[in-house]
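In the working numbering, the protein residues as written are 70 to 383.
Here a beta-carbon is modelled for each residue, glycine too, at the ideal position from N, C-alpha and C.
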Amino acid sequence: MTRFTLSDFDELGVRAGFRYDLPGYVGPTSSVEHLCIAEGRVQEYSIRPGVKLVLSDIVSHHQYVAAAASTPQFSAIVMLQGRALAQLDANEATRLVAQGGVSIACRDAIALAALHPAGQRLRSLNISFNPADAAADTPLADAVSKVMSARGGRLQRWGVPAHLLQSIEPLMQSAWQGTMHSLLLEGVSLQVLAHALAGCAQAPARATRISARDRQRLEQVRERLHSAPGADYTLAELAELACMSPSTLRVKFQAVYRRSVFGWLRERRLEVARDYLSQGWSVQQAAHFVGYRHATNFATAFRQRYGIAPSESN
70 MTRFTLSDFD ELGVRAGFRY DLPGYVGPTS SVEHLCIAEG RVQEYSIRPG VKLVLSDIVS
130 HHQYVAAAAS TPQFSAIVML QGRALAQLDA NEATRLVAQG GVSIACRDAI ALAALHPAGQ
190 RLRSLNISFN PADAAADTPL ADAVSKVMSA RGGRLQRWGV PAHLLQSIEP LMQSAWQGTM
250 HSLLLEGVSL QVLAHALAGC AQAPARATRI SARDRQRLEQ VRERLHSAPG ADYTLAELAE
310 LACMSPSTLR VKFQAVYRRS VFGWLRERRL EVARDYLSQG WSVQQAAHFV GYRHATNFAT
370 AFRQRYGIAP SESN
């Protein structure tokens, strides 16, 4: 069991921009940084590009607050045991309770704080998805972009089904290592993300206002993707073309075209590839022409979209 001081927590939270404080502490301030505020385990894993998992099992000796200016990302939290109070910006605080879930979707940098009472065992799972670090051309990025469309941020509770709680428990005490452990982590993480995203989809987000000028700029981006689907794009480059920030482009493109930027591009790529396959091109030729580096990835996407293998379409 590891002893965690205030300095230890600050070091763990620095990558996510979190700082820790002890509200109500009345002891000597000279030694507060080295005060043991909790004991237990905190484990961090990188599941895939852009997806981080943190497993915590600690006993809190002092009440503490974790605060940050949250960066644009989506987080799904499952509280297995214990309780906390979370607040996004100046909104009403949300209670995190045992066997409950909460999701945080931040399109913009926004203040986030969570109060953890003393004298309790806290067991939790936290999955964060950062679109800027993730592979853009994925269904997961599409799904996350939809719930990040509201200006500012959203903090929402969602129900955690019993079977998902049962799936999470082995992560907290698994003796597996290597490939088997990685597969277990990824499988459960994706289940949690799916349920958290489904919970967000049930709550209506505020409509995004799009000006006539923004629509023209968005159409320039769409036309670029339409005319040259095989080019290698980044969100930053397309945002520069639209004279917007990457987060604004992501949200406004989704609002106008009902798809994420790279979701729209993927659809266009598959459409063009299908046309060339019907003209007798090989799967490898069609895949490379529309921007896929690996024919196997193209074949998987094609089958998901059209229900047949690309080799069956010519």
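- Annotation note: the region 113-137 contains the following uninterrupted beta strand (DSSP E) runs of length 3 or greater, listed N- to C-terminal: 120-129.
- Contact between alanine 135 and phenylalanine 87 holds, with the beta-carbon distance rounding to 5 angstroms and staying under 8 angstroms.
- Annotated three-state conformation of methionine 313 is coil, per DSSP.
- In terms of Cα proximity to glutamate 108, the closest of Val101, Lys121, Leu75 is Leu75.
- Taking C-alpha positions only, cysteine 269 is separated from methionine 249 by approximately 31 angstroms.
- Of the candidates Asp126, Leu91, Ala201, His103, the residue whose Cα lies closest to the Cα of proline 118 is Ala201.
- Taken atom to atom, the span from the alpha-carbon of isoleucine 279 to that of alanine 308 is near 15 angstroms.
- If you check the CB distance, cysteine 105 and arginine 152 do not come in under 7 angstroms.
- Here the alpha carbons of isoleucine 146 and serine 251 stand approximately 19 angstroms from one another.
- The shortest CA-to-CA distance from glycine 256 to any of Leu266, Ser329, Ile116 is the one to Ile116.
- Threonine 248 is not bridged by DSSP to any residue.
- Residues Leu104 of the same chain have their beta carbon placed closer than 8 angstroms to that of glycine 96, with the five preceding and five following residues left out of the count.
- When DSSP states are grouped into helix, strand and coil, threonine 369 belongs to the helix group.
- Collapsing the DSSP output to three states places threonine 303 in coil.
- Per DSSP, tyrosine 89 is one residue of the beta strand (DSSP E) stretching across 88-90.
- Annotated three-state conformation of glutamine 225 is strand, per DSSP.
- Note: asparagine 195 is bridge-paired with Val123, Ile146 in the DSSP secondary-structure output.
- In this structure leucine 266 does not touch tyrosine 302 by the C-beta definition: roughly 24 angstroms separates them, more than the 8 angstroms allowed.
- In this structure, the alpha-carbon of phenylalanine 367 lies about 13 angstroms from that of arginine 337.
- By the criterion of a C-beta distance shorter than 6 angstroms, leucine 184 is surrounded in its chain by Val134, Leu154, once the five residues flanking it on both sides are discounted.
- Under DSSP, the beta-bridge partners assigned to glutamate 108 are Arg72, Val128.
- For arginine 343, the uninterrupted alpha helix (DSSP H) run begins and ends at 330-347, by DSSP.
- Contact between valine 290 and phenylalanine 322 holds: their C-beta atoms lie close to 7 angstroms from each other, under 8 angstroms.
- From the listed residues Ala167, Val111, Ser99, the smallest Cα separation to leucine 81 is found for Val111.
- Proline 230 is positioned such that its CB atom lies no closer than 7 angstroms to that of cysteine 175.
- DSSP places glycine 151 outside both helix and strand once states are collapsed to three, so it counts as coil.
- Between glycine 222 and isoleucine 179, the C-beta spacing is below 7 angstroms.
- When secondary structure is reduced to three states using DSSP, arginine 284 falls in the helix class.
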